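A.B. asks: Take this structure, written in structure tokens, and hold onto it; I'll ask about it next.
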Amino acid sequence: MKKQLITTIIAVGVGMSASIASAATATAFQANKEVTGGRTGECTLLAENVTLGASANVHGAWACDETENLVQVAACHEGGSRQQGAACVDLALDDDPDSVELPAGCTAVGGFSTIPDYKAFFTSSKGGVMQEYALGGRCTENTITGIGGFGS
């Protein structure tokens, strides 16, 4: 009975540590956000606290993944930083050639929209190079945490 109990406790402990060690999810913030560092902080990879600054109408996100030894930060502005518009493709969910649905700014299939798409800026401790990510819409708390950089 004791061996079974000890085995169960070990199995639960391993399961819990595996779920804690899973990839970190991005946390959104606006204005200034202090991320605590050190052994008991929000991001144990940081030696001390770090303040992430964001000006008016800027949405930011950060993630700290101890298992990957990776700190990630991204930001976007609600009204700016746009790039070339979306590709003019048929968005209709059916195969009917008469019901073509185009992105805003498109008049026909092919080319790009005249309305630029919004973009976010992303960097991480893995190389540290600033990258741009298309948001597919206006910058919000949801779009910034959903960019592709946080998935890698």
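According to numbering that gives the first Met the number 0, the sequence shown is numbered sequentially starting from 0. For every residue, glycine included, the Cβ atom is placed at its ideal position computed from N, Cα and C. Keep in mind it's a predicted model, so treat the numbers as computed, not measured.
1. If you draw a straight line from the alpha carbon of residue 119 to that of residue 70, how long is it in whole angstroms?
2. Pick from 76, 98, 127: whose alpha carbon is nearest that of residue 142?
3. Roughly how many whole angstroms lie between the Cα atoms of residue 38 and residue 117?
4. Tell me which residue opens and which closes the beta strand (DSSP E) that residue 114 is part of.
5. Pull up the distance between the alpha-carbon of residue 95 and that of residue 89, whole angstroms please.
6. How many whole angstroms separate the CB atoms of residue 199 and residue 45, which I take to be in contact at a CB cut-off of 8 Å?
7. State the Cα-Cα distance for the pair residue 148 and residue 107, rounded to the nearest angstrom.
8. Does the beta-carbon of residue 6 have 16 or more other beta-carbons within 10 angstroms, so that it is buried, or is it exposed?
9. When burial is assigned at 16 or more other CB atoms within 10 Å of the CB, is residue 85 buried or exposed?
10. Please state whether the Cβ-Cβ distance between residue 24 and residue 73 is less than 8 Å.
11. DSSP three-state label for residue 147, please.
12. CA-CA distance, residue 47 and residue 65?
13. Within this structure, are the beta carbons of residue 27 and residue 144 separated by less than 8 Å?
C.D. replies: Taking the coordinates as given:
1. If you number the sequence shown from 1, residue 119 lands on position 120. If you number the sequence shown from 1, residue 70 lands on position 71. Roughly 17 Å separates the two Cα atoms.
2. For the purposes of this step, residue 142 is identified with residue 143 of the sequence shown, where counting begins at 1. Selected option, being the one with the closest Cα: 76.
3. Translated into positions along the sequence shown, residue 38 becomes position 39. Translated into positions along the sequence shown, residue 117 becomes position 118. Roughly 37 Å between the two C-alpha positions.
4. Along the sequence shown, read from residue 1 onward, the residue named residue 114 stands at position 115. Start and end: 111-123.
5. Stepping through the sequence shown from its first residue, residue 95 is reached at position 96. Stepping through the sequence shown from its first residue, residue 89 is reached at position 90. For the pair residue 95 and residue 89, the Cα-to-Cα distance works out to about 11 Å.
6. Because the chain is modelled from 0 through 151, residue 199 falls outside the range shown and cannot be assessed.
7. Position 149 of the sequence shown, counted from the first residue, corresponds to residue 148. Position 108 of the sequence shown, counted from the first residue, corresponds to residue 107. The alpha-carbon atoms of residue 148 and residue 107 are separated by roughly 31 Å.
8. Stepping through the sequence shown from its first residue, residue 6 is reached at position 7. Confidence in residue 6 is poor, its pLDDT being 33 and thus under 50, which makes the residue's placement unreliable; the coordinate value appears in the next sentence. The residue in question, residue 6, is exposed, as its Cβ has fewer than 16 Cβ neighbours within 10 Å.
9. Locating residue 85 in the sequence shown gives position 86, where the first residue counts as 1. Label assigned to residue 85: buried.
10. In the sequence shown, residue 24 corresponds to position 25, counting from 1. In the sequence shown, residue 73 corresponds to position 74, counting from 1. Contact annotation: residue 24 and residue 73 have beta-carbon atoms that are not nearer than 8 Å.
11. Position 148 of the sequence shown, counted from the start, is the residue given in the question as residue 147. Residue 147 falls in the helix class under three-state DSSP.
12. As a working note, residue 47 is residue 48 in the sequence shown. As a working note, residue 65 is residue 66 in the sequence shown. Residue 47 and residue 65: Cα-Cα distance of roughly 15 Å.
13. Start at 1 with the first residue of the sequence shown, and residue 27 comes out as number 28. Start at 1 with the first residue of the sequence shown, and residue 144 comes out as number 145. Between residue 27 and residue 144, the gap from beta carbon to beta carbon is short of 8 Å.
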